[in-house]
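Numbering (the working numbering), first residue to last: 1 to 560. We put the beta carbon where it would ideally sit given N, CA and C, even for glycine. Structure record follows, encoded as structure tokens.
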Amino acid sequence: MKEEILNTLKEITKEEIIQIDIPENTLFGDYSSNIAMIMAKKEGKNPYTLAEEIVAKLQGKKNIKLIFEKIEVAGAGFINFYIAKDILLNNLKKVDEKYGNSDLNKGKITIVEYSSPNIAKPFTIGHLRSTIIGDAVANLLEASGWKVFRDNHLGDWGTQFGKMIYAIKTWGNEGKISKLDNPVKELVTLYVKFHEEAEKNINLEDEGRKWFKKLEEADPEAKRIWKRCIDWSFVEFDRIYKSLNVSFSKEFENGRGLGESFFVNRMSGVISELEERKLLKIGKEGAKLVFFEKDKYPPAMIIKKDGTTLYHTRDLATDKYRLEKYNPDLIINEVGSEQTLYFRQLFEMEKLLGWFKEGQRIHLGHGLYRFKEGKMSTRKGNVIWMEDVLKEAIEKATKLGSKGKISKIVAIGALKYNDLKRDPKTEIVFDWNEILNMNGNSGPYLQYTFARTRSVLFKSKSINKVYDAVNINSEEEAILRAIVHFPEVILISSSNYAPNLLCNYLFELASKFNTFYNKHSILTNENESVTSFRLNLTKSVGQIIKNGLNILGIEAPERM
RNA sequence: GUCCUCGUAGUUCAACGGAUAGAACGGAGGUUUCCUAAACCUUAAAUUUCAGUUCGAUUCUGAACGGGGACACCA
1 MKEEILNTLK EITKEEIIQI DIPENTLFGD YSSNIAMIMA KKEGKNPYTL
51 AEEIVAKLQG KKNIKLIFEK IEVAGAGFIN FYIAKDILLN NLKKVDEKYG
101 NSDLNKGKIT IVEYSSPNIA KPFTIGHLRS TIIGDAVANL LEASGWKVFR
151 DNHLGDWGTQ FGKMIYAIKT WGNEGKISKL DNPVKELVTL YVKFHEEAEK
201 NINLEDEGRK WFKKLEEADP EAKRIWKRCI DWSFVEFDRI YKSLNVSFSK
251 EFENGRGLGE SFFVNRMSGV ISELEERKLL KIGKEGAKLV FFEKDKYPPA
301 MIIKKDGTTL YHTRDLATDK YRLEKYNPDL IINEVGSEQT LYFRQLFEME
351 KLLGWFKEGQ RIHLGHGLYR FKEGKMSTRK GNVIWMEDVL KEAIEKATKL
401 GSKGKISKIV AIGALKYNDL KRDPKTEIVF DWNEILNMNG NSGPYLQYTF
451 ARTRSVLFKS KSINKVYDAV NINSEEEAIL RAIVHFPEVI LISSSNYAPN
501 LLCNYLFELA SKFNTFYNKH SILTNENESV TSFRLNLTKS VGQIIKNGLN
551 ILGIEAPERM
């Protein structure tokens with residue numbers, strides 16, 4: 001319907017760019033355009049009369065007349081469109097499990113990289129954020145037609161493993177660690193100890209570097225301990241991903257994701273490509289760096305003075321591999337926003353190498369969780385463990401009355417929704433009440449509303465599809481009008497990589513529905529046609545909430 | 001010091017340059033004989049400051065103030 005307006009307006013006005021809005025206030029119609037105001041400015045005319053002229057021409061178009069019962073000029077010269085009732089009713093019948101999906105981006109390929117926890121470090125609520133947002137964005141892209149590959153770029157390589165190996169050898173006991181329920185906890189304790197000791201003894205940092213160099217040179221002992229660290233970590237990761245119902249493409253190490261170590265042997269290709277293009281310069285102390293035009297960004301280090309590589313080197317190798325193997329139209333990195341500069345450097349290098357054009361590389365940076373007092377830090381040991389958050393959430397859901405499996409679904413729903421409902425880039429001050437919120441604009445609210453629709457349908461026994469000649473009340477009309485916009489919201493949400501827009505929509509729809517239900521009778525209504533219509537409305541709203549939650553990666557339970 | 005971000009009710013967040021700035025939590029008051037009160041209804045409460053661009057600015061530009069982050073051998 002939006003397309004219909006857009007095409008017709010283009011035809012009438014001969015303008016290239018035309019904006020069609022969905023007004024926040026439904027008083028202003030289902031769609032609205034400010035085209036008359038834009039044109040009036042250019043042509044020096046009165047916007048209001050120009051709008052009236054455009055409306056007169058629109059009224060002459062058959063296709064437009066068929067869809068819209070009213071088109072009017074309002075305010076300073078807005079043109080507002082009101083969809084006809086029969087079109088609204090007809091649209092209601094289109095709602096099914098596929099409603100909202102489109103093939104707009106059919107044939108396009110994208111790789112979405114998210115979660116990316118570090119081996120031997122805690123899976124914290126910070127990683128939770130990347131996991132949840134990344135997964136939802138991947139789902140959104142899929143719903144709008146993209147072929148999506150999901151990658152978990154594990155932090156399984158780097159200097160910290162030198163420190164880790166040194167710490168395990170010096171203070172740890174491998175046999176004991178293996179028997180633990182959550183081995184990572186012990187690894188983190190060792191890691192914290194390393195940094196405490198390093199403050200007293202400067203040589204320790206060098207010891208760490210030495211062991212990492214050994215690892216890069218494939219020293220058997222270094223390699224063996226490193227591999228054990230990965231397996232120890234996956235004891236926890238597997239558990240968390242299963243709980244969260246998140247998984248990665250099986251093309252990548254059978255769903256474990258391609259970690260940085262996967263690219264260790266592919267870095268020489270990148271380095272020689274940079275050399276060929278004469279992009280590498282020697283720095284003050286012998287490291288090799290890429291410098292940027294006019295010092296747009298600080299230089300990016302590719303090789304350290306001791307000859308070992310860095311994160312940039314590995315990321316370049318990663319994208320080279322992706323480019324050669326999948327030729328994607330788009331690669332998204334869902335990584336904390338503290339790495340914004342880092343990614344700008346990376347993308348600039350990739351542009352210099354001629355790998356990607358503007359807009360093909362996206363860093364979706366989310367704000368960090370922090371405490372009121374300051375930053376969370378693995379090194380200092382003040383982090384919130386994912387496990388604990390999950391435990392608390394399930395406890396709260398149980399207290400509110402759900403049982404067994406449902407309490408877990410509700411708990412996860414609350415956690416996910418609290419991350420998704422806000423703009424990803426806002427930072428979050430950690431607060432137990434907020435993260436476990438299950439009232440108002442929350443995951444459980446949507447789940448509750450869905451369960452409510454199921455309950456009504458179950459009690460009603462049968463549903464009759466015929467509901468002609470119903471008088472629609474204002475609450476029903478508001479719902480019908482909202483239903484029309486679901487597919488558009490998916491597209492807007494996906495092209496902006498913004499799951500929060502979908503959250504807003506779903507919450508508003510659910511709100512309208514709950515309001516309607518507390519006000520009007522359904523099961524005891526004497527008019528069969530009205531009952532039938534209301535049941536169909538209920539069914540459709542339930543279906544949309546389910547579809548929406550699905551895209552957000554949240555389960556919709558039949559009962560609560 | 002340089003760069004990036006953010007600044008909206010008591011709190012946490014919304015609002016492609018649009019129309020009366022919208023929610024949730026918390027506060028005050030109310031609603032359970034169709035479904036499930038994790039709900040619904042009523043109510044008080046906000047755009048950091050100063051300039052500028054515009055028919056129109058929370059949104060864009062500049063400055064100030066304030067929070068957060070990043071800046072060569074971590075990732």
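Item	Value
Round the Cβ separation of E338 and L368 to the nearest angstrom and send it over; I've been treating them as touching at under 8 Å.	7 Å
With DSSP as the reference, please indicate the residues paired to T309 in a beta bridge.	I303
Does DSSP put N333 in a helix, a strand or coil?	strand
Compute the Euclidean distance between the alpha carbons of F315 and G259, then round it to the nearest angstrom.	Residue identity differs from the one stated: residue 315 is Asp in this sequence, not Phe. C-alpha separation (whole angstroms): 10 Å.
Given that a residue counts as buried once 16 or more other Cβ atoms are within 10 Å of its Cβ, and exposed if not, what is F458?	exposed
If I12 sits next to L58, beta carbons under 8 Å apart, how far is it from one beta carbon to the other, in whole angstroms?	7 Å
For a test of the three-state rule: what should DSSP assign to G162, helix, strand or coil?	helix
Contact defined as beta carbons within less than 8 Å: I believe W226 pairs with L215. What is the distance between those atoms, to the nearest angstrom?	6 Å
When DSSP labels each residue in this structure, what does I362 get in the three-state scheme?	strand
With DSSP as the reference, please indicate the residues paired to K281 in a beta bridge.	L289
In chain order, what residues of the same chain have a beta carbon less than 7 Å from the beta carbon of T131, not counting five sequence neighbours either side?	Y114, S115, L244 and V246
Are the CB atoms of L140 and S474 within a distance shorter than 8 Å?	no
Taking the alpha carbon of E276 as the reference point, which residue from A300, K284, S249 and V290 has its own alpha carbon closest?	V290
In whole angstroms, give me the CA-to-CA distance for P299 and T110.	29 Å
Leaving out five residues on either side along the sequence, give the residues of the same chain with a beta carbon under 8 Å from the beta carbon of K223.	L215
What is the rounded straight-line gap between the Cα of I20 and the Cα of S32?	6 Å
The beta strand (DSSP E) that contains T110, what's its start and end?	I109 to E113
Can you give the Cα-Cα distance for F252 and D96, rounded to whole angstroms?	33 Å
Tell me, please, whether the stretch 187 to 197 touches the stretch 164 to 171 by the rule of three or more beta-carbon pairs shorter than 8 Å.	yes
Alpha carbon to alpha carbon, what distance is there between L274 and K351?	12 Å
Let me confirm a value: S402 is counted as buried when at least 16 other C-beta atoms fall within 10 Å, else exposed. Which label applies?	buried
Taking contact to mean 3 or more Cβ pairs, one atom from each stretch, closer than 8 Å, check whether the stretch 436 to 455 and the stretch 502 to 518 are in contact.	yes
Can you tell me which of S442, I428, V470 and I545 puts its alpha carbon nearest to the alpha carbon of F486?	I545
With distances taken Cα to Cα, identify the nearest neighbour of S442 among K179, G100 and Y505.	Y505
Mind pulling the beta strand (DSSP E) runs of 3 or more residues that sit fully within the stretch 13 to 70?	31 to 33
I need the straight-line Cα distance from H153 to G257, nearest angstrom please.	6 Å
Please tell me whether M39 and E15 are closer than 8 Å, where the distance is taken between their beta carbons.	yes
Using only alpha-carbon positions, find the residue among L390, A84, L400 and F78 that is nearest to I64.	A84
Can F28 and A76 be called in contact, C-beta distance under 8 Å?	no
What are the residues that DSSP puts in a beta bridge with W385?	T124
Using CA coordinates, which residue listed in D295, D319 and I282 is at the minimum distance from I303?	I282
With distances taken from CA atoms, which of I22, L310, N333 and E205 is nearest N80?	I22
Could you name the residues of the same chain whose beta carbon sits closer than 6 Å to that of V470, not counting the 5 residues immediately before and after it, in chain order?	S529, V530 and F533
Rounded C-beta distance between K213 and D306? I'm assuming under 8 Å.	7 Å
Would you be able to state if there are at least three C-beta pairs under 8 Å between the stretch 548 to 556 and the stretch 413 to 431?	yes
Helix, strand or coil: how does DSSP classify I79 here?	strand
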